[in-house]
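Residue numbers (my numbering): 13 to 197.
Given below as C-alpha cells:
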C-alpha cells in the first residue's frame with residue numbers, strides 16, 4: 013500500500029471514529045501521525061514570554077508586532093507556519109491572488125477550497141505574501157532554525173519571546189496604544 017492510501021485510510025478511520033463534529037481535531041491528529049507540521053509552538057526553556065492584544069480588528073498593529081519582534085530578537089527567524097482562511101476557491105484577484113500562489117507554491121503548503129496551511133521559509137517574499145493576506149491570517153508561527161518559536165499569532169493575540177533588554181525595542185516598533193498592551197504571559 014502506498015503512503016497516499018495509508019494517509020487516506022487513516023483519515024477515513026478518524027472521521028468514522030470521531031464523527032464530523034470533531035473532524036478538525038481528527039485531521040490534526042492524522043496530520044501529526046503522518047509527521048506533517050501542525051504549527052504547534054515549542055517555546056524556549058529559558059527567557060521571558062510576552063503577549064500583546066492589539067485593538068480588535070487592527071491587523072496592521074498585529075503586522076507591526078510581528079515585524080517588531082523579528083527585528084528585536086537576537087535569534088534569527090527561519091520558517092513560518094501559516095493558516096489562512098482563504099483557498100483556491102476564493103475570488104482573489106491581483107496582488108492577493110499572486111501572494112496566495114507565492115505561498116501555495118511551496119511543497120509543504122496545502123491549499124484547499126477555503127483555506128491554506130503549511131510551512132514556508134521566512135524570506136522577504138513570504139513575509140510580503142503574509143502581510144498582503146493579513147486579513148485572512150488565522151494562525152501564524154515563526155520559528156528559528158532549531159524549530160523553537162519566536163512569535164505566534166493566533167487570531168487577535170501575538171505571543172512572543174525576546175530577552176528583557178530587547179522588549180523596549182519591540183515596544184518602540186509599535187504604536188503607543190498597542191505598546192501599552194504588551195504584557196508578560
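Glycine is no exception: its CB is placed at the ideal position from the N, C-alpha and C atoms.
Any non-hydrogen atom of the ligand ADP closer than 7 Å to residue i Cβ
i, result
"residue 173", "The model on display carries no ligand, and the ligand ADP is accordingly not part of it."
Assigned secondary structure, residue i (DSSP; H/G/I helix, E/B strand, else coil)
i, result
"residue 66", "coil"
"residue 128", "strand"
"residue 54", "coil"
"residue 174", "coil"
"residue 61", "strand"
"residue 121", "strand"
"residue 183", "helix"
"residue 135", "coil"
"residue 197", "coil"
"residue 103", "coil"
"residue 25", "helix"
Residue range of the unbroken alpha helix (DSSP H) whose run includes residue i
i, result
"residue 106", "106-116"
"residue 74", "71-84"
Within-8 Å CB hit, residue i to chain C
i, result
"residue 143", "Among the chains of the structure shown, chain C does not appear; only one protein chain is present."
Where the beta strand (DSSP E) containing residue i begins and where it ends
i, result
"residue 161", "161-166"
"residue 96", "89-96"
"residue 156", "149-156"
Residue environment, residue i, which counts as buried when at least 16 other CB atoms sit within 10 Å
i, result
"residue 110", "exposed"
"residue 171", "buried"
"residue 107", "exposed"
"residue 54", "exposed"
"residue 52", "exposed"
"residue 21", "exposed"
"residue 188", "exposed"
"residue 157", "exposed"
"residue 66", "buried"
"residue 13", "Summary for residue 13: the model assigns pLDDT 48, below 50, so the residue's position carries little reliability; its value from the coordinates is reported in the next sentence. When all chains shown are included, residue 13 counts as exposed."
"residue 119", "exposed"
"residue 164", "buried"
Contact check, residue i vs residue j, beta carbons under 8 Å
i, j, result
"residue 89", "residue 162", "yes"
"residue 98", "residue 115", "no"
"residue 96", "residue 132", "no"
"residue 84", "residue 182", "yes"
"residue 169", "residue 63", "yes"
"residue 184", "residue 77", "no"
"residue 75", "residue 143", "yes"
Exercise. Three or more C-beta pairs closer than 8 Å, one from the stretch 143-159 and one from the stretch 68-75: is that the case here?
Worked result: Yes: at least three Cβ pairs fall under 8 Å.
Worksheet item: Should the stretch 54-68 be regarded as contacting the stretch 167-186, the criterion being three or more beta carbon pairs within less than 8 Å?
Response: Segments in contact, yes.
Query raised in the report: Is there contact between the stretch 187-195 and the stretch 123-140, where contact requires at least three CB pairs shorter than 8 Å?
Result: The stretch 187-195 is not in contact with the stretch 123-140.
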